[in-house]
Structure formats: structure tokens, C-alpha cells
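Number of protein chains: 2
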Amino acid sequence: MRLADLGERSGVPLATVKYYLREGLLPPGRRINATQAEYDESHLRRLRLVRAMIQVGRIPVATVREVLAHVDDDSLGLTVRLGAALWALPHPAGEAPGAPAEAAGPSRETAGPSREVAGPSRETAVDPHRAAADLLVDELLARLGWSAARELGALSPAHRALVTTLATLHRLGYPLDADDLLPYARTMEQAAAHDLDRMEQLPTPREQTEYAVASAALFEPVLLNLRRLAQCEESNRRYGL
Amino acid sequence: MRLADLGERSGVPLATVKYYLREGLLPPGRRINATQAEYDESHLRRLRLVRAMIQVGRIPVATVREVLAHVDDDSLGLTVRLGAALWALPHPAGEAPGAPAEAAGPSRETAGPSREVAGPSRETAVDPHRAAADLLVDELLARLGWSAARELGALSPAHRALVTTLATLHRLGYPLDADDLLPYARTMEQAAAHDLDRMEQLPTPREQTEYAVASAALFEPVLLNLRRLAQCEESNRRYGL
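Chains as they are written, first to last, in our numbering: chain A, 1 to 241; chain B, 1 to 241.
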């Protein structure tokens with residue numbers, strides 16, 4: 001198909017398609033003469049993914065380019081290819097903005113006899129909340145038997161983001177323990193198995209990796225709203241109206 | 001405890017505590033003389049929740065005030081109280097910014113013979129993607145047996161946000177069906193049961209509602225990162241490294 005048809009079928013404005021082409025987010029078409037090129041279904045699929053990442057996932061163009069470089073790397077085995085593409089995506093860290101400044105210590109005016117109530121000094125280099133979160137994630141992964149996640153540890157951005165989130169919750173007075181987290185991790189384990197089951201229905205490693213990226217970036221609001229609906233349903237079941 | 005101790009124990013700067021008091025997000029203390037008031041553990045708990053909602057959840061002050069009004073409404077039954085507090089929270093809708101403008105029709109320059117490929121005209125008042133998403137959510141809830149969620153329908157912001165997200169995915173070329181969504185909904189059903197099990201360990205309906213709000217607003221990054229870790233683990237298990 002021609003460029004105009006690509007815009008038409010995807011619903012993406014032509015100026016946006018041309019911008020993605022210039023930025024290298026969409027591979028060039030096959031030249032058919034000096035002014036025209038031919039595009040195929042793989043361009044359409046890629047165009048949809050790029051638009052979804054940018055418009056729905058709010059992912060910066062440079063990040064999209066990095067993710068796609070991994071998606072397109074046929075030299076990688078599937079686990080590494082999936083891992084590299086997913087690791088390049090933004091990870092929600094649930095970190096309080098300004099938290100490090102606050103953690104540097106209470107303001108002068110509040111320093112006084114009650115100081116020790118706050119626990120170990122937050123002015124030392126080691127953040128006790130982060131240390132607690134590190135131990136917690138390690139214990140959780142050991143009990144889950146997630147050996148790959150444990151070996152990779154802080155190399156994985158999901159691991160780092162999880163530790164940061166739990167450290168923030170700990171600092172804010174919501175300490176969680178491994179017993180709290182285990183059932184959620186088990187349900188996410190089931191969800192991940194469904195993710196891969198669906199992914200495996202696609203024919204090529206490239207399409208599979210594209211699907212994994214789309215699902216990671218776009219499927220999160222679906223999961224979070226299903227959780228809210230389920231909470232309402234379960235609450236109604238237990239306590240009536 | 002005095003105001004300074006409240007700031008100290010919570011780690012919240014005193015100026016911030018005073019701001020929350022002025023904005024009515026934190027109830028006033030018990031006056032003990034012309035210049036001083038006494039605060040208790042319930043103030044500390046509330047202060048942590050408010051700070052977490054604003055700093056971690058990035059929730060606007062007016063929204064926090066509305067959520068807390070429901071948390072504090074002792075006249076409500078637990079399901080309605082929980083529902084009202086959770087419904088007032090922001091819901092992630094996964095909507096493409098500018099999508100309605102795009103959906104208003106292809107640009108002039110792409111109008112041509114291939115026009116009909118795009119399917120039913122997107123210039124009509126009824127958005128076919130939204131209609132498909134509406135039908136899909138209805139089928140899903142029927143198959144799940146979530147009768148409360150189905151009766152409430154679009155009254156529930158989670159229901160509306162789910163429809164909007166699925167309509168966006170549909171428009172972007174990622175149509176899902178009820179078979180795709182069922183296993184995720186079932187895992188979220190389990191997660192919701194754990195949420196309420198934990199919540200029930202707290203002694204009063206007010207503390208229970210506070211916990212539900214904190215968990216909805218703050219626990220989402222934990223779940224999403226556990227999902228990413230689980231995907232990596234399951235991928236390693238199936239395909240090796």
C-alpha cells in the first residue's frame with residue numbers, strides 16, 4: 001500500500017506517519033519510483049504499536065526507539081529479546097517527589113527531645129527504609145522460587161522499581177511484609193502465564209515481542225480497573241449494600 | 001502530642017502539616033490553650049495517608065478532600081463507604097490524548113478510493129469502538145457473575161475507565177475479547193479478596209476505609225512491577241536464557 005493508505009488504514013494523520021518515518025520509529029517502505037514507496041502489513045502493525053506507545057503509554061520518542069531496536073534484534077534469544085524490550089520501557093516507581101530531601105532529616109524547628117521517636121537517624125548514608133525494602137524483596141523472591149528474578153536482582157528495572165515503591169510505602173508508614181505480598185505475586189504469576197500463552201499464538205519472535213511490549217504498556221489500565229471493579233464486587237458480596 | 005511532634009513522627013515538614021490543617025485535610029487537634037492543641041494517633045495515621053495520596057498518588061488536594069469526606073462518613077454502610085471513597089479517586093483510563101480529534105475523520109489529503117477500508121464512518125455520532133467496548137464489558141461481567149458491577153454499570157468510574165481503555169485499544173488495532181479478559185479478571189478477583197482480608201484485620205470501618213484508599217492509590221505500582229518480574233520469570237522458565 002501507499003503512504004496515504006497506511007495513514008488511512010491506521011487512522012493516524014499523514015503528518016504523524018511522516019514524522020515517525022523521519023524519526024526512524026517506522027522502517028522505510030520499499031521504493032517503487034523516485035517519489036513513492038510501498039508499505040505492507042508489518043508497517044501497519046508497527047505504526048499502531050508506535051502510536052499506542054506514544055499516545056496511550058505516554059512513552060518518550062527516544063525510549064520508543066530503544067524498545068523497538070530490541071524488538072527488531074533477530075540475533076537475540078526470545079527471553080533476552082523480550083527482557084531487553086520490556087526493560088527499556090518506563091517502570092512505575094511510586095516514589096514521592098521530594099522524598100529524598102525530606103529523608104535528609106527533620107527541619108530544625110522540630111528537632112528536640114522527641115527526636116529519637118523517628119527511629120534510626122535519616123541523616124546517615126544508608127536509608128533504613130530502602131534497606132528494609134531490599135531484604136523484603138529478596139525474601140519474597142526466595143519464597144516464590146523466582147530464581148531468575150533473584151539472580152538478576154537490581155539489574156532488572158522492575159526489581160529496582162519494586163524496591164523503591166516498597167521503600168516509599170515503608171517511609172510513609174505502610175510497611176508490608178512477604179506474607180502480604182505473596183498472594184499478589186502468585187496472582188501476577190498466573191497473569192504472566194496468560195500473557196505468554198496469548199503471545200505464543202503469534203507466528204514470529206518479532207510479532208511476539210511487539211505483542212509483549214503492547215501488552216506491558218497498554219494493558220496496565222485494564223488490569224487496574226478490573227481490580228477496582230473486583231474490589232467493589234467482593235465488598236458487595238461480603239458486606240451487602 | 002503537639003504539632004511539632006506530629007511533624008517529627010510522620011517525617012512531614014511542619015509547614016506542610018500546617019498547610020494540610022488549613023486545607024481541612026487533617027482534622028484540628030483538641031485545643032489545650034490559646035496557642036496549642038493536642039494531636040493523637042488518628043491524626044498521625046491521617047497525615048500519612050494524606051501525604052501518600054498527594055506525593056505518591058499525585059492526587060489533587062480537592063480530590064483528597066472529597067475522598068476523605070467519604071472515609072469519615074460514619075452514616076454509610078461499609079460497601080457504600082468504601083465505594084464512595086474509592087470512586088472519588090482518579091481512575092487510569094488509558095485514553096489517547098487527541099484521539100477524539102483523530103476519530104472525527106481522516107484528514108482531507110487521505111480521503112480517496114481506499115476510504116471505505118477504514119470501516120464504518122468515524123464521523124457519525126456513535127463511536128463504533130466504544131460500542132464494541134461497551135458490549136465486551138457487559139459480556140465479561142455477565143460471564144464473571146459480577147452482578148453488582150453489572151447493575152452499577154457506567155455509574156462506576158472503574159467501569160467507565162475500563163470501557164474507555166478497551167475502546168482505545170480497539171481503535172488502535174488491539175481488539176480484545178471476553179476470553180482474553182476472563183483470566184485477568186479472575187486473578188484480580190483473587191487479589192480483591194486478599195485486599196479485603198487484609199482490610200478486615202483493622203478494627204474500625206474508618207480505618208478499614210483509610211486502608212482501602214491507601215491500598216488502591218499506592219499499591220498499584222507494586223502490582224505492576226510484580227507483573228513485570230513475573231513475566232521475566234515465566235519467560236525464562238519457558239524459553240531459557
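Think of the CB as a built atom: it goes at the ideal place given N, C-alpha and C, for glycine as much as any other residue. Please read all numbers here as calculations on a predicted model, not as lab measurements.
(request) Could you name the residues of chain A that V50 (chain B) contacts, counting a contact when the two beta carbons are closer than 8 Å? (result) Locating residue 50 (chain B) in the second sequence gives position 50, counting from the first residue. Neighbours of V50 (chain B) on chain A: none; closest Cβ ~10 Å, over 8 Å.
(message) Could you check whether the Cβ of T168 (chain B) sits closer than 7 Å to any Cβ belonging to chain A?
(response) Reading the second sequence from its first residue, position 168 is the one you call residue 168 (chain B). It does; some Cβ of chain A falls within 7 Å.
(request) Just mark I280 (chain B) as buried or exposed, buried being the case when its beta carbon has 16 or more other beta carbons within 10 Å. (result) Coverage of chain B is limited to positions 1 through 241, which leaves residue 280 (chain B) absent and any answer about it impossible.
(message) Would you say M199 (chain A) lies against chain B (beta-carbon separation less than 7 Å)?
(response) Sequence index remark: in the first sequence, residue 199 (chain A) carries index 199 (1-based). It does not; no Cβ of chain B falls within 7 Å.
(message) Please report the distance separating the alpha-carbon of P92 (chain B) from that of A191 (chain B).
(response) Along the second sequence, read from residue 1 onward, the residue named residue 92 (chain B) stands at position 92. Along the second sequence, read from residue 1 onward, the residue named residue 191 (chain B) stands at position 191. Each residue's alpha carbon lies about 18 Å from the other.
(message) In this structure, how does DSSP classify A15 (chain B) when only helix, strand and coil are distinguished?
(response) To locate residue 15 (chain B), count along the second sequence from 1; it is residue 15. Three-state DSSP puts A15 (chain B) in a helix.
(message) Quick check: the Cα distance between L82 (chain A) and R198 (chain B), rounded to an integer number of angstroms?
(response) Residue 82 (chain A) sits at position 82 when you count from the first residue of the first sequence. Residue 198 (chain B) sits at position 198 when you count from the first residue of the second sequence. If I take the Cα positions, the gap works out to 34 Å.
(message) Can you confirm whether T124 (chain A), when its beta carbon is compared against all beta carbons of chain B, has any partner nearer than 7 Å?
(response) The residue you call residue 124 (chain A) lines up with position 124 of the first sequence. The pLDDT assigned to T124 (chain A) is 48, lower than 50, so where the model puts this residue is not dependable; a value taken from the coordinates is nonetheless given after this. Chain B contact via Cβ: absent.
(message) Give the list of continuous alpha helix (DSSP H) stretches no shorter than 4 residues that lie fully inside the segment 175-217 of chain A.
(response) 178-199
(message) For a quick check, are the C-beta atoms of L166 (chain B) and L136 (chain B) less than 7 Å apart?
(response) As a working mapping, residue 166 (chain B) is identified with position 166 in the second sequence. As a working mapping, residue 136 (chain B) is identified with position 136 in the second sequence. A contact, by the Cβ cut-off of 7 Å.
(message) Mapping the DSSP letters down to three states, classify E23 (chain A) as helix, strand or coil.
(response) The sequence position of residue 23 (chain A) within the first sequence is 23, counting from 1. E23 (chain A) falls in the coil class under three-state DSSP.
(request) Assign E200 (chain B) to buried or exposed, taking buried as 16 or more other Cβ atoms, counted over all protein chains shown, within 10 Å of its Cβ. (result) Numbered from 1 along the second sequence, position 200 holds the residue referred to as residue 200 (chain B). Counting other Cβ atoms within 10 Å of its Cβ, E200 (chain B) stays below 16 and is therefore classed as exposed.
(request) Would you tell me roughly how many angstroms separate the C-alpha atoms of P13 (chain A) and D180 (chain A), rounded to the nearest one? (result) To locate residue 13 (chain A), count along the first sequence from 1; it is residue 13. To locate residue 180 (chain A), count along the first sequence from 1; it is residue 180. Those two C-alpha atoms are separated by around 47 Å.
(request) Could you please give me the residues that DSSP links to A37 (chain A) through a beta bridge? (result) The residue labelled residue 37 (chain A) in the question sits at position 37 within the first sequence. DSSP, once it has assigned bridges, lists A:R31 as partnering A37 (chain A).
(message) Which residues of the segment 73-87 of chain B have a Cβ closer than 8 Å to any Cβ of chain A? Give them in chain order.
(response) G77, L78, T79, V80, L82, G83 and L86
(request) Can you tell me which of the three DSSP states D5 (chain A) falls into? (result) Mapped onto the first sequence, residue 5 (chain A) falls at position 5. D5 (chain A): helix per DSSP, three-state reduction.
(request) Reducing DSSP to helix, strand and coil, say where D138 (chain B) ends up. (result) Residue mapping note: residue 138 (chain B) aligns to position 138 of the second sequence, counting from 1. Correct three-state label for D138 (chain B): helix.
(request) Would you tell me roughly how many angstroms separate the C-alpha atoms of H159 (chain A) and A84 (chain B), rounded to the nearest one? (result) To locate residue 159 (chain A), count along the first sequence from 1; it is residue 159. To locate residue 84 (chain B), count along the second sequence from 1; it is residue 84. Here the alpha carbon of H159 (chain A) sits roughly 34 Å from the alpha carbon of A84 (chain B).
(message) Measuring alpha carbon to alpha carbon, tell me which residue in B:G145, B:R143, B:D177 and B:S156 is nearest A132 (chain B).
(response) Position 132 of the second sequence, counted from the start, is the residue given in the question as residue 132 (chain B). Closest by alpha carbon: B:D177.
(message) So, with DSSP's three-state summary, where would you put L229 (chain B)?
(response) Walking along the second sequence from the start, residue 229 (chain B) turns up at place 229. Helix at L229 (chain B).
(request) Check whether the segment 213-228 of chain A touches the segment 220-238 of chain B, counting contact only when three or more Cβ pairs, one atom from each stretch, lie closer than 8 Å. (result) The answer is yes - the segment 220-238 of chain B touches the segment 213-228 of chain A, with three or more Cβ pairs under 8 Å.
(message) My output table needs one value for R122 (chain B): the three-state DSSP class, helix, strand or coil.
(response) Your numbering for residue 122 (chain B) matches position 122 in the second sequence. Low local confidence applies: a pLDDT of 47 at R122 (chain B) is under 50, so the model's placement there is unreliable, with the coordinate-based value given in what follows. Shown here, R122 (chain B) sits in coil according to DSSP, grouped into three states, outside any helix or strand.
(message) Mapping the DSSP letters down to three states, classify P221 (chain B) as helix, strand or coil.
(response) In the second sequence, the residue the question calls residue 221 (chain B) occupies position 221. Helix, per DSSP.
(request) For S235 (chain A), decide whether its Cβ has a neighbour in chain B, counting only Cβ atoms nearer than 7 Å. (result) The residue you call residue 235 (chain A) lines up with position 235 of the first sequence. Output row for S235 (chain A): interface = yes.
(request) Using three-state DSSP, classify I59 (chain A) as helix, strand or coil. (result) By one-based count along the first sequence, residue 59 (chain A) stands at place 59. I59 (chain A): coil per DSSP, three-state reduction.
(message) Can you confirm whether P194 (chain A), when its beta carbon is compared against all beta carbons of chain B, has any partner nearer than 7 Å?
(response) Your numbering for residue 194 (chain A) matches position 194 in the first sequence. Position check: residue 194 (chain A) holds His in this sequence, whereas Pro was assumed. Yes, because at least one Cβ of chain B sits closer than 7 Å to the Cβ of H194 (chain A).
(message) Am I right that Y184 (chain B) and H194 (chain A) are in contact with their C-beta atoms under 8 Å? What's the rounded C-beta distance?
(response) Residue mapping note: residue 184 (chain B) aligns to position 184 of the second sequence, counting from 1. Residue mapping note: residue 194 (chain A) aligns to position 194 of the first sequence, counting from 1. Going by Cβ atoms, the distance from Y184 (chain B) to H194 (chain A) rounds to 7 Å, so yes, they are a contact pair.
(request) Report the rounded CA-to-CA distance for P28 (chain B) versus K18 (chain B), giving the unit in angstroms. (result) As a working note, residue 28 (chain B) is residue 28 in the second sequence. As a working note, residue 18 (chain B) is residue 18 in the second sequence. Looking at the two C-alpha atoms, the distance is approximately 10 Å.
(request) Please check if any C-beta of chain D sits within less than 7 Å of the C-beta of N33 (chain A). (result) Among the protein chains of the structure shown, namely A and B, there is no chain D.
(request) Spell out whether any CB of chain A is found under 7 Å from the CB atom of L218 (chain B). (result) Position 218 of the second sequence, counted from the first residue, corresponds to residue 218 (chain B). Chain A, which has a Cβ nearer than 7 Å to the Cβ of L218 (chain B), makes this yes.
(request) In the DSSP assignment, find the unbroken alpha helix (DSSP H) run with H159 (chain B) in it and report its ends. (result) Taking the second sequence and counting its residues from 1, the one referred to as residue 159 (chain B) is at position 159. H159 (chain B) -> alpha helix (DSSP H) spans P157 to R171.
(message) Suppose you measure from the CA of R150 (chain A) to the CA of P90 (chain A); what does that come to, to the nearest Å?
(response) For the purposes of this step, residue 150 (chain A) is identified with residue 150 of the first sequence, where counting begins at 1. For the purposes of this step, residue 90 (chain A) is identified with residue 90 of the first sequence, where counting begins at 1. Answer to the nearest angstrom: the Cα atoms are 21 Å apart.
(request) May I ask you to verify whether the segment 202-215 of chain A touches the segment 39-49 of chain A, counting CB pairs closer than 8 Å and requiring at least 3? (result) They touch, by the three-pair rule.
(request) Identify the contact partners of P92 (chain B) in chain A, using a Cβ-Cβ distance below 8 Å as the criterion. (result) For the purposes of this step, residue 92 (chain B) is taken as the residue at position 92 of the second sequence. Neighbours of P92 (chain B) in chain A, taken as residues whose beta carbon is under 8 Å from its own, are E220, P221, L224 and N225 in chain order.
(message) So A159 (chain A) contacts chain B; which residues on that side make the cut at Cβ distance below 7 Å?
(response) The residue labelled residue 159 (chain A) in the question sits at position 159 within the first sequence. Note that residue 159 (chain A) is His in the sequence shown, not Ala. Going along chain B in sequence order, the residues near H159 (chain A) (Cβ under 7 Å) are L229.
(request) Please decide whether Q190 (chain A) counts as near chain B, where near means a Cβ-Cβ distance under 7 Å. (result) Indexing the first sequence from 1 puts residue 190 (chain A) at position 190. So, interface residue.
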